[in-house]
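A short worksheet on the structure shown next.
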Amino acid sequence: MKYDVAIDGRRCHLELTESGGAWHCKLDDREVQVDAVAVRPDVLSLVIGGRVYEVKRERSPEGTFIWIGDQRYATEVSDPRSLRSRRAGPGSESGPRKLIAPMPGKIVRLLVGEKSEVEAGQGILVVEAMKMQNELKSPKKGKVQRLLAAAGASVSAGDVLAIVE
Amino acid sequence: MFKKILIANRGEIAVRVARACREMGISSVAVYSDVDRASLHVRKADEAYPIGSAEAAESYLNIGKILEVAKRSGADAIHPGYGFLSENATFAQACVEAGVKFIGPSAASMEMVGSKTRARQLAEKTAVPFVPGTSHGLRSAQEAEETASSIGYPILLKAAAGGGGKGMRLVQSREELKSALESAQSEALRAFGDGEVYLEKAIINPRHVEIQVLADEHGNTVYLGERECSIQRRHQKVIEEAPSPVMDPDLRRRMGEVAVRVAQSAGYANAGTVEFLLDQQKNFYFLEMNTRLQVEHPVTEFVTGLDLVHLQIRIAAGEKLPFAQPDVSLRGHAIECRIYAEDPDNNFFPSPGLITALLSPAGPGIRVDSGNYEGWSVPIEYDPLLAKLIAYGEDRQQAISRLLRAVDEYFVAGIKTNLSLFRRILNDSEFREGRTDTGYLDRLLRSSLREKSDEEIREGAQIAAVAAGLFAALDPTGAPVPPANETAGPSAWKRAAKVEALH
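Respectively, the protein sequence lines represent chains A and B. For the first sequence, the numbering used here begins at 22 and goes up steadily by one. For the second sequence, the numbering used here begins at 84 and goes up steadily by one.
Here is the structure:
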C-alpha cells in the first residue's frame with residue numbers, strides 16, 4: 022500500500038507491506054519494521070524495535086491529528102492514485118482556504134467585509150461560546166472571497182464561515 | 084432515611100450524588116434541560132424528568148419547575164449539588180414550604196454567612212480574624228476612596244453576592260478606583276442580580292486555604308482538615324490539594340476551631356466550607372463561607388476516608404454525626420485537577436463539541452469524577468468542567484507521580500482540554516516544592532514553556548507518519564468528523580458494533 026502523508030504540512034511518501042502480522046514500512050528512504058494492532062477505534066498499539074507506542078488518532082472538524090505521547094501532529098493521508106490528492110491540500114498556501122468554526126457558538130460581529138484584503142492571522146470575525154468571545158483569524162494572506170456568516174447567527178463546529186483566496 | 088432524592092443539578096456532581104444514592108439504597112431523580120437528555124447524570128439516575136430549555140433560568144435555576152418534579156416523583160429530599168440553586172436561600176425556604184428536605188443548611192444560616200458582607204459582620208461579632216475593609220456594600224465612590232486611603236492600597240473590590248471572580252477588581256491606586264468600582268458594580272448586577280460591592284485590603288499573593296466543616300442538626304460541628312486551593316486562573320480554582328504543603332498541626336487546629344465557631348454562630352447544619360487567606364507569615368484571615376458541597380470535596384474524602392455526600396444525606400435525614408473531632412485523622416495526600424473543555428493554547432477559550440474518543444485513567448490511587456463519555460457532545464450552554472481527576476498517595480510526592488501518570492493515560496479527542504496545563508504544573512519545580520500562592524498560575528503562564536527538542540518532534544513526526552498509514556490500512560473509518568449536528572445516527576451504531584467486535 023502506498024500513501025502520500027503530510028505531517029504538520031511536511032509531505033512524505035509511505036509504503037506499507039504486510040507479512041505475517043508485521044508491517045514493513047518504507048518512509049521516504051528510511052525502512053522500519055512495525056508490529057501494529059488496532060486495539061480499538063482510533064487507537065493503535067505499535068511496537069517498533071521493542072519500544073511500545075500507544076498512538077491515538079483524533080478526528081475533529083478541523084482535521085485529523087495523530088498523538089504521539091503529548092505531542093499532536095496534524096495529519097493528511099491520501100492515496101497517490103486518487104484524483105483528490107493531486108489537488109493542493111489545505112496545508113498549501115495557494116488556492117482558497119476556508120475559515121472553519123472550531124466550536125459551536127454565536128457570531129458576535131464581523132471584523133472585515135467581503136472582498137477586503139487580510140493578512141495571515143488577522144481577525145475575521147468574533148464567535149461567542151460558553152460566555153466567552155474568541156476571534157477567528159485568517160488562515161492565510163489574501164482576499165476575503167466570501168463571508169458565509171452574519172452577525173447574530175448560530176454556527177455549528179465545522180461550519181465554513183469565510184473563504185480567503 | 085429518605086426513599087427518594089431529587090438531584091437539582093447536572094454534570095459530574097449530579098452523577099456523584101446519584102452514585103451515593105445508589106450506594107445507600109435511595110432512589111435518585113434527575114432533572115434535565117432540553118440539551119441534557121443524553122447527559123451522563125440522566126443515565127445514572129433511576130428516574131428523570133425534563134424541566135425546560137437550555138437556559139439555566141428556564142431549567143436548573145427554575146425553583147417552581149424543580150419543586151413540581153419533586154412533588155410529581157414523590158421525592159422526599161433535594162440535593163442541590165454546587166452552583167445553580169445550591170446557595171439560594173429562597174430555594175432552601177421554598178423546599179421547607181413544599182415539605183421536601185433541602186440537603187444543606189437552613190435558609191437562615193445561608194443568609195447569615197452566604198453574603199460576603201454579612202459574613203464579615205458575623206466575623207466581627209465572633210472575633211474571627213478577617214481582612215480589613217468594609218463590612219457592608221459601598222454607598223458611594225467617595226466612601227470607597229475614604230476607606231481605601233485609610234487602609235492603604237492596593238485594595239480589592241468584591242461583589243457581596245459573588246463567586247468565581249465576577250464583580251472583583253484589584254485596584255492599585257486612587258486614580259483607578261472610580262471606574263473599577265463602576266465596572267465591578269455593573270458586572271455584579273449582571274451576574275448575580277445584585278450590584279452590592281465592598282472593598283478590602285488586598286493581600287498580595289496569599290495562599291487560599293479552606294476548612295471543611297460538617298455539622299449535624301443536633302449542635303455537633305467538626306472540621307475535616309483543610310484544602311489548599313491557591314492555584315487559580317481568573318479566580319477559578321484549577322488544582323486543589325489536601326493537606327496544604329505549609330500546614331502544621333497547630334495552625335490546622337486554630338483555623339479549624341475558627342471555622343467551627345463561624346459555622347456554629349450561624350446555626351449551621353450539613354457540609355460547608357470556610358475560606359481563608361493565609362499570608363506569608365501564616366496569619367490567616369476569614370474570607371467567606373460556602374454553604375454547599377465544594378467541587379474539590381474528593382481530596383478531603385481521600386485524606387479523611389469519609390464520604391461527604393453520604394454524610395450530607397445522613398445529616399439531612401436527622402442523624403447525629405457518627406464521630407467526634409478527636410476521631411478525625413488525616414492520612415496521606417490527595418490532589419485534584421479540574422479538567423475543563425478549554426484550549427490552553429488559545430487563551431483557555433471554551434471548547435464544547437463532540438467527544439470522539441475518551442480514554443480514562445485508572446489504577447492505584449486514581450479517582451475520576453466525570454460527567455461525560457465518548458460519543459457525547461459537550462453542550463455550549465454550561466460551565467466547561469468535564470471531569471475531576473484526583474490522585475491519592477501516601478505522601479505529596481507519590482500523589483504527584485500518580486497524577487502525572489494518570490494525566491498521561493487520559494486522552495480526550497474531538498474537543499480541547501486543559502490536560503497539558505496539568506502536565507506543566509505537575510512538572511514545575513515551584514509546584515513540586517509546594518511554593519504556591521494565588522499568583523502562582525499567572526507567573527507560570529507568563530514563563531516560557533519548555534519546548535521539546537527538534538529531534539524529539541522529528542522522531543515523533545516519523546512515527547506519526549507511519550501510524551497515519553497504518554490507521555488508513557487497519558482502521559479506515561478515519562474521515563474527518565462532520566459538523567456536530569450530523570454526527571448522530573448510523574455512524575455511532577457502526578462504531579459501537581466495531582468496539583464490540585474487538586472485545
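All C-beta atoms in this analysis are idealised placements derived from N, C-alpha and C, irrespective of residue type, glycine included.
Within the stretch 52–82 of chain A, those residues whose Cβ lies closer than 9 Å to any Cβ of chain B are, in chain order, Val53, Val55, Ala57, Val58, Ala59, Val60, Arg61, Pro62, Asp63, Val64, Leu65, Leu67, Ile69, Tyr74, Glu75, Val76, Lys77, Arg78, Glu79, Arg80, Ser81, Pro82.
The criterion of a C-beta distance shorter than 8 Å is satisfied by B:Gly197 and B:Ala172.
Within the same chain, and ignoring the five residues on either side of B:His291 in sequence, the residues whose Cβ sits closer than 6 Å to its Cβ are Cys312, Ser313, Thr521. Not a single C-beta of chain A is nearer than 8 Å to the C-beta of B:Leu504.
With respect to the 8 Å criterion, B:Gly355 and B:Pro133 are not classified as neighbours on the basis of their beta carbons.
For A:Pro101, no alpha helix (DSSP H) encloses it, and the DSSP letter there is neither H nor E.
Interface residue (Cβ-Cβ distance to chain A less than 8 Å): B:Val549 is classified as such. Secondary structure of B:Lys148 (DSSP, three-state): helix. The C-beta distance from B:Tyr236 to B:Val214 rounds to 14 Å, too long to meet the 8 Å contact threshold. Proximity of B:Gly543 to chain A, defined by a Cβ-Cβ separation below 8 Å, is satisfied. Exclusion of the five residues before and after B:Pro467 leaves Tyr423, Ala424, Glu425, Pro433, Ser434, Pro435, Val461 as the residues of its chain whose Cβ lies within less than 8 Å of its Cβ. Bounds of any alpha helix (DSSP H) do not take in B:Ser110; it lies within the beta strand (DSSP E) bounded by 110–116. Three or more pairs of CB atoms, one per stretch, sit closer than 8 Å, so the stretch 168–185 of chain B contacts the stretch 362–378 of chain B.
Counting C-beta pairs closer than 8 Å gives three or more between the stretch 406–421 of chain B and the stretch 316–330 of chain B, which meets the contact rule. The beta carbons of B:Ile186 and B:Ile396 sit about 6 Å from each other, so the pair counts as a contact at 8 Å. For B:Glu141, the secondary structure class from DSSP, reduced to helix, strand or coil, is helix. When the Cα atoms are used, B:Ile161 and B:Lys184 turn out to be separated by approximately 6 Å. Among the CB atoms of chain B, one or more fall inside 8 Å of the CB of A:Val26.
Only buried fits A:Asp25, as 16 or more other CB atoms lie within 10 angstroms of its CB. Under the three-state reduction of DSSP, B:Phe406 is assigned to coil, being neither helix nor strand. Contact between the stretch 280–298 of chain B and the stretch 347–354 of chain B is present, with at least three C-beta pairs closer than 8 Å.
Linking A:Val165 to A:Val139 through their CA atoms gives a straight-line distance of about 7 Å.
At a cut-off of 8 Å between beta carbons, B:Ser434 contacts chain A. Sorting B:Thr560, B:Gly552, B:Leu557 by C-alpha distance to the C-alpha of A:Cys46 places B:Gly552 at the top. Boundaries of the alpha helix (DSSP H) harbouring B:Glu542: 537–557, taken from the DSSP string. Beta-bridge pairing by DSSP links A:Met153 to A:Ala150. With a cutoff of 8 Å on beta-carbon distance, A:Ile128 and A:Pro82 are scored as not near each other. At least one CB of chain A lies nearer than 8 Å to the CB of B:Phe494. Per the DSSP secondary-structure output, B:Tyr423 pairs in a beta bridge with B:Leu468. Inclusion of B:Ile90 and B:Ala140 in the CB contact set at 8 Å is not warranted, their separation being larger than that value.
Between the alpha carbons of B:Pro409 and B:Ala191 lies a gap of roughly 29 Å. Residue contact with chain B for A:Val98: present (Cβ-Cβ distance below 8 Å to some residue of chain B). At a Cβ-Cβ threshold of 8 Å, B:Thr209 and B:Glu279 do not count as neighbours. In this structure, B:Val378 lies near B:Tyr165, with their beta-carbon atoms less than 8 Å apart. The beta strand (DSSP E) runs lying completely inside the stretch 304–386 of chain B and spanning 3 residues or more are 304–316, 319–325, 353–361, 367–373, given in chain order.
Excluding residues up to 5 positions away in sequence, Asp299 lie with their Cβ nearer than 8 Å to the Cβ of B:Glu402 in the same chain.
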